[in-house]
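K.L.:
Each residue of the sequence shown is one higher than the one before, starting from 1 at the first, in full-length UniProt numbering. We put the CB at the ideal spot given by N, CA and C, even for glycine. There's a structure below that I have some questions on.
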Amino acid sequence: MSAELPRTPFPFLMTYVRRHSWRYGILMTAITLAVLCSVSTQYGLKYLIDVVATPASDEALRQAWQALFILAGLIVADIILWRGGGYLAAGSLTLSAGCIRNDLFAHLSQHSPAYFADRLPGALSARISSSAISAQTIGNTVAWNVVPPAMSAFTALLFISLVDGWLALVLFACALAIAVVLHLLARKKSHLHETHAGHVAALDGEIVDIVGNIGVVRSFGAGRRERGRIAELSRVEVQAHRRSLYSMEHLRFLHAGLTVVLTIGVMIAGIRLWHAGRATTGDVALLATLSLTILNATRDLAIALVEVAQQRARLAEALKVILVPHAMTDAAHARPARRGCGEIRIEDVSFSYDGRRPVLRHINLVIPPGQKVGLVGRSGSGKSTLFALLQRVHDPGAGRILLDGQDLRHVTQESLATAMAVVPQDTSLFNRTIRENMSYGTPDLAFEELVAAAAKTRCEEVVEALPARYDTMVGNRGVKLSGGQRQRIAIARALLTPTPILLLDEATSALDSENEHAIAEALKEALHRRTVVAVAHRLSTLQNFDRIIVLDEGRIVEDGSPAELVRRQGPYLALLRQQRAGLSPVRPEAA
Ligand SMILES: Nc1ncnc2c1ncn2[C@@H]1O[C@H](COP(=O)(O)OP(=O)(O)OP(=O)(O)O)[C@@H](O)[C@H]1O
């Protein structure tokens, strides 16, 4: 659904109007009738004035009661219709705002990691919220401040035409000309509102980024510097906001001048018509009230259009950023991955991030089901890139990757999660309970199974020490747990997800050797049948693996069991020796 969302504001908003067309249809009907009633009360008043202006008689009295009755009926209908419209608008606009938030989030969540790498999370979430608010504000403004004044001005013109057709025609032409000029001027300045919206989102993003890294800020004593950074961004935002508001004030000023001239013109015309005997006392009163109606209506309209223009610009800016087409989409014929035994086949895969410098070159690899494979190599040799390709974060530039005989490009991305579980290098957790984090891949899991997995991965001792045990909230990104504790939860989470393949990316790097050994033993049994591919800088963690693949400059330079590779005295042994000597070129801290 989200893939089809238009990227420009009004077509985007119309999607939601169409989705609940009957609601908006009733709303517009109620508003239209309410406006008709409001303006008709002025005609009812003219009728009453004309009646009471005649000499008193029984017939005149009867007509006066009749006029009063019509007037009272119109006032009551007017109130009922406005308030009914109020309830309808509240229901429909909140519903649409909710749908917009959901759809934008759905689109956002399907972007590739590369998209998120270039953008601040806070700025993205701010844009989703501001889009829903802007859409709701535009809806409210159109419903209450654009349609009613536009219609009352139009209805007023119709009533004026009953007094003098030419006057109504001239007025209509003037009003139209004013509206067109104002609209064109407002469009010319819309870049000011978009620029302002961009500054607001950037400021929000920076604040969230700093709050997320507040520990680093404190430890480097950089509070003052960061406050200065925000103050500077805020100053730029204020300037942009001011420019956007001033441009609108100029328009309002122009509009106010033009409508005052127009209204006074109508009143002068009324007096002239009365003087020429072509208008009654009631007609003059009607022209006076109607010209005030037009004055008020166009003033309200101008203010409303300013609001709409600003919110439109905000929405446009947000849609431009969020509704970027997805870099990785499922092929038209893509099917959910068929569940297999966990065979991975990499056929002549080459890859480059920038299209120039190759990062992986002609990788050929067959990993049979159940095999435990360690990927090693110097920093920058391409291990993480190969991992990313296995998870289809990127597609290979050449060659293909098959999962149980299925080309990754031909299966749906979401279904890949049923084939492989991942323990990522950066084990951030959701700010939810331990229980929810552990069972993230298997939400319907029985509690006993959760506890069993916790025991295997040494999570039990972590949980025992927590105030609400499995129901303890772990804090933002799991901050209330240590790095090693987080890693144990992430391993348990992957263990509980029944996929035939498990990818471990530095999965035990934060554990002490005692815990690492215990977990390795537990994993041996738990992962008996599963295919495991692990990247580890600490080569000792791969000692019990069936096979080691050594990468260098994007090529496989060695492939065999750990013992075999040691015997061969090639690159693997060199890495091992360097690491034992504490001279690891792999990663110094891992030695
Ligand atoms: N997103 C990216 N955009 C551009 N180049 C990248 C990107 N990610 C990695 N690279 C480059 O690709 C090469 C391989 O990086 P990769 O992260 O795959 O190596 P690695 O073996 O996992 O390294 P490490 O052991 O340090 O994690 C490096 O030269 C790196 O600079």
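#1: Could I get the ranges of all uninterrupted alpha helix (DSSP H) runs contained in the segment 316 to 394, with 4 residues as the minimum, in chain order?
#2: In whole angstroms, what separates the C-alpha of Val-535 from that of Ala-465?
#3: Where does Thr-442 sit, in a helix, a strand or coil, going by DSSP?
#4: Are Arg-486 and Leu-429 closer than 8 angstroms when you measure CB to CB?
#5: Can you tell me whether Pro-562 is buried or exposed, with buried defined as 16 or more other CB within 10 angstroms of its CB?
#6: Just verifying my parser: in three-state terms, what is the DSSP assignment at Glu-589?
#7: For Arg-127 versus Ile-322, is the C-beta spacing smaller than 8 angstroms?
#8: Is the number of C-beta pairs between the segment 345 to 360 and the segment 395 to 411 that are closer than 8 angstroms three or more?
#9: Straight-line CA distance for Ser-109 to Met-328?
#10: Taking Pro-424 as the reference, give the member of Gln-311, Thr-280, Val-533, His-362 with the closest Cα.
#11: What's the C-alpha gap between Leu-124 and Thr-195?
#12: Taking the alpha-carbon positions, what's the Arg-567 to Gln-578 distance?
#13: Would you kindly work out how many angstroms separate the C-alpha atoms of Val-163 and Leu-48, rounded to a whole number?
#14: Looking only at its chain, what residues have a beta carbon closer than 7 angstroms to the beta carbon of Ser-40, apart from the 5 residues adjacent to it on each side?
#15: Would you mind sorting Arg-458 into buried or exposed? The rule is 16 or more other CB atoms within 10 Å of its CB.
#16: Pull the bridge partners of Ile-559 from the DSSP assignment, please.
#17: From the beta carbon of Gln-569, is the nearest beta carbon of chain D less than 8 angstroms away?
#18: For Arg-400, name the three-state secondary structure that DSSP assigns.
#19: Leaving out five residues before and five after His-111 in sequence, what residues of the same chain have Cβ atoms less than 8 angstroms from its Cβ?
#20: On the criterion of 16 or more Cβ atoms from any shown chain inside 10 Å, does Cys-37 qualify as buried, or is it exposed?
#21: From Val-573 to Gly-377, what does the alpha carbon distance come to, in whole angstroms?
#22: Near His-107, what residues of its chain come up, given a Cβ to Cβ distance below 7 angstroms and the 5 sequence neighbours on each side ignored?
#23: Going by CA-CA distance only, name the one from Ala-279, Gly-198, Glu-516 that's closest to His-241.
#24: Do Leu-245 and Pro-9 count as a contact pair if the criterion is CB distance below 8 angstroms?
#25: Do Tyr-470 and ligand 1 come close, with the Cβ less than 7 angstroms from some heavy atom?
#26: As an exercise, report each continuous beta strand (DSSP E) stretch of at least 3 residues that is fully enclosed by the segment 462 to 548, in chain order.
#27: According to DSSP, simplified to helix, strand and coil, what is Leu-406?
P.N.:
Quick answer:
#1: 383 to 390
#2: 31 angstroms
#3: coil
#4: The answer is yes: Cβ separation under 8 angstroms.
#5: Result: buried.
#6: In this predicted model, Glu-589 has a pLDDT of only 36, less than 50, meaning its place in the structure is not dependable enough to derive any value.
#7: yes
#8: Yes, since at least three Cβ pairs between the segment 345 to 360 and the segment 395 to 411 fall closer than 8 angstroms, the two stretches touch.
#9: Straight-line Cα distance between these residues: approximately 12 angstroms.
#10: Val-533
#11: So the two alpha carbons sit approximately 16 angstroms from each other.
#12: 16 angstroms
#13: 16 angstroms
#14: Leu-74
#15: buried
#16: The sequence shown places Asp at residue 559, not Ile. The partner list for Asp-559 (beta bridge, DSSP) reads Ile-549.
#17: Looking at the structure shown, chain D is missing, and only one protein chain is on hand.
#18: strand
#19: In chain order, Val-324, His-326, Ala-327 place their CB closer than 8 angstroms to the CB of His-111, counting only its own chain and leaving out the 5 sequence neighbours on each side.
#20: It counts as buried.
#21: For the record, residue 573 in the displayed sequence is Leu; it is not Val. Answer to the nearest angstrom: the Cα atoms are 11 angstroms apart.
#22: Annotation for His-107: Ser-2, Leu-5, Ile-322, Leu-323 place their beta carbon closer than 7 angstroms to its own, counting only its chain and skipping 5 residues before and after.
#23: Gly-198
#24: no
#25: no
#26: Entirely contained in the segment 462 to 548, the beta strand (DSSP E) runs reaching 3 residues are, in chain order, 501 to 505, 531 to 535.
#27: Per the sequence shown, residue 406 should be read as Gln rather than Leu. Three-state result, Gln-406: strand.
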